Amino acid sequence: MAKRDYYEILGVKKSASDEDLKKAYRRLAMKFHPDRNPDDESAQEKFKEAKEAYEVLKDPRKRSAYDQFGHAGVDHSARGPGGPGGFHGDVGDIFGDIFGDIFGGGRRRQQTRQRGSDLRYAMDLDLEEAVAGVTREIRVPTLGQCKTCDGSGARDGQKETCTTCGGIGQVRMQQGIFSVQQTCPACQGAGQRISNPCTDCNGQGRVRETRTLSVKIPAGVDNGDRIRLAGEGEAGVNAAPTGDLYVEVRVKPHRIFERDGDDLYCEVPIPFTMAAMGGELDIPTLDGHVKLKVPQETQTGRMFRLKGKGVKSVRSHRTGDLMCRTVIETPVKLTREQKDLLKQFEQTFAQGNGEHDPRSQSWLSGVREFFDRMTS
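In the numbering used here, the protein residues as written are 138 to 513.
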């Protein structure tokens, strides 16, 4: 009886990827496996066909031979102790390959040591400290390596091979046709057991401690930046590598400046007389005062840029600018004399036909046009 095409058996195209082949075989294996169909010989034959097809097509060398010569190119390699189409190898090995992502596979795993956890420390800085850089001492509560047993957890430094898992750290449980591998419950995956635990750390190899560290914050850091201190986190289990410490920068709000990237922003109140006639102002920066020339007829909201008076970036080393936004300040608590003078000053505008207050005239013109459209 002629054999069916392997691609047809799996229901895939000749261009199918390895992942497509695996998915197709998984679907057929779950559907036709003998354990699911104990009295159905037809299902068992289909399972054998699917298994043989997958065994050939998953192997690049066999697949190439099959694509060139058909069954004649692989019949000699597709036969096993069970004959043509029979079961080749252990069923658990086959399903360890197909369902390894679900059940962890059926093969031994290399014992690994558990690295210590990383720690996070939030550091509050003033804007000046963040811009200029600062060195701070911090105290970090952590789990450190026990000095009595050097992190081994054993008082005498001796450990015994776990008899439950044989030192592998994993135990195998059989569930039907599936071989499920799990962490050994006796040694928690360590592969070794301590018969004489250290009394200082109770066999854990780690003890609670508070560590004092000197942290150098580079100039130009911003809110949310993190500084990594390698090896300053929690000690690992059973003398495994230590985790890292991440210092997270939090910049406190400033009374004068707001930061946006490498630029600083501030509002500068100016008297209306200076706004009208012009003048000079002393502007504070992070490295001293500078003079700002205010031209006459300056309006509220006008932005002045002071180049190079911002923050030097910790990454690009570019220095930002200081952006000064003017706010015209209205005088308060006027005396009677001052009020009379302002009234006299206001009366002089009546002869100017609106040339002294262009914004007001433009706004009033817009209002009139708006009402004209509403009533037309």
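Ideal placement from N, C-alpha and C gives every residue a C-beta, glycine not left out.
Just so it is clear, the structure is predicted and the values come from calculations on it, not from any experiment.
Measure the Cβ-Cβ separation of residue i and residue j and say whether it is below 8 Å.
| i | j | result |
| --- | --- | --- |
| N333 | Q295 | yes |
| T301 | C321 | yes |
| L423 | C461 | no |
| E186 | R141 | yes |
| G357 | G253 | no |
| V448 | R396 | yes |
| L366 | L382 | yes |
| A377 | Q251 | yes |
| A351 | E274 | Correcting the residue identity first, residue 351 is Ser in this sequence and not Ala. It is a contact, given that the beta carbons lie within the stated cut-off. |
| I420 | V405 | yes |
| V308 | Q325 | no |
| E371 | L256 | yes |
| G270 | P408 | no |
Between residue i and residue j, what straight-line distance do the alpha-carbon atoms span, to the nearest angstrom?
| i | j | result |
| --- | --- | --- |
| I146 | D176 | 22 Å |
| V384 | G342 | 26 Å |
| P468 | T349 | 54 Å |
| D155 | K183 | 21 Å |
| T272 | G438 | 38 Å |
| A202 | H208 | 9 Å |
| L433 | D263 | A small fix is needed here, since residue 433 is Gln in this sequence, not Leu. Their Cα atoms are separated by approximately 36 Å. |
| K446 | V464 | 20 Å |
| K444 | P390 | 23 Å |
| I364 | L459 | 26 Å |
| K151 | Y191 | 13 Å |
| T336 | N375 | 15 Å |
| R345 | Y258 | 17 Å |
| K168 | V317 | 20 Å |
| G304 | M310 | 16 Å |
| T519 | Q475 | As displayed, the chain neither begins before 138 nor continues past 513, which places residue 519 out of reach and without an answer. |
| R510 | G503 | 11 Å |
| M260 | A412 | 42 Å |
| L359 | G398 | Correcting the residue identity first, residue 359 is Asp in this sequence and not Leu. Approximately 8 Å between the Cα atoms of the pair. |
| A78 | G290 | Lying outside 138 to 513, the shown extent of the chain, residue 78 is not represented and no answer is given. |
| T472 | R496 | 28 Å |
| G457 | K353 | 23 Å |
| R330 | K284 | 20 Å |
Buried or exposed, going by whether 16 or more other CB atoms sit within 10 Å of the CB of residue i?
| i | result |
| --- | --- |
| H426 | exposed |
| T279 | buried |
| R298 | Inspection of the sequence shows that residue 298 is occupied by Thr rather than by Arg. Exposed is the call here. |
| Q282 | buried |
| K188 | buried |
| F394 | buried |
| F232 | Low per-residue confidence applies at F232: pLDDT is 45, beneath 50, and the placement is therefore not dependable enough to give any value. |
| E369 | buried |
| H454 | exposed |
| E597 | In the structure as shown, the chain begins at 138 and stops at 513. Residue 597 is therefore absent and cannot be evaluated. |
| T435 | buried |
| T512 | exposed |
| A327 | buried |
| A166 | buried |
| L479 | exposed |
Would residue i count as contacting chain B if we go by Cβ distances under 8 Å?
| i | result |
| --- | --- |
| L443 | Among the protein chains of the structure shown there is no chain B, as only one such chain exists. |
Could you say if the stretch 150-162 and the stretch 192-212 meet the contact criterion of at least three C-beta pairs nearer than 8 Å?
The answer is yes - the stretch 192-212 touches the stretch 150-162, with three or more Cβ pairs under 8 Å.
Ordered list of alpha helix (DSSP H) runs contained in the stretch 397-478, each at least 4 residues
List check, alpha helix (DSSP H) in window: 409-414.
Which complete beta strand (DSSP E) runs does the stretch 297-382 hold, if anything under 3 residues is left out?
Inside the stretch 297-382, DSSP marks whole beta strand (DSSP E) runs of 3 or more residues at positions 307-312, 315-320, 343-354, 363-366, from first to last along the chain.
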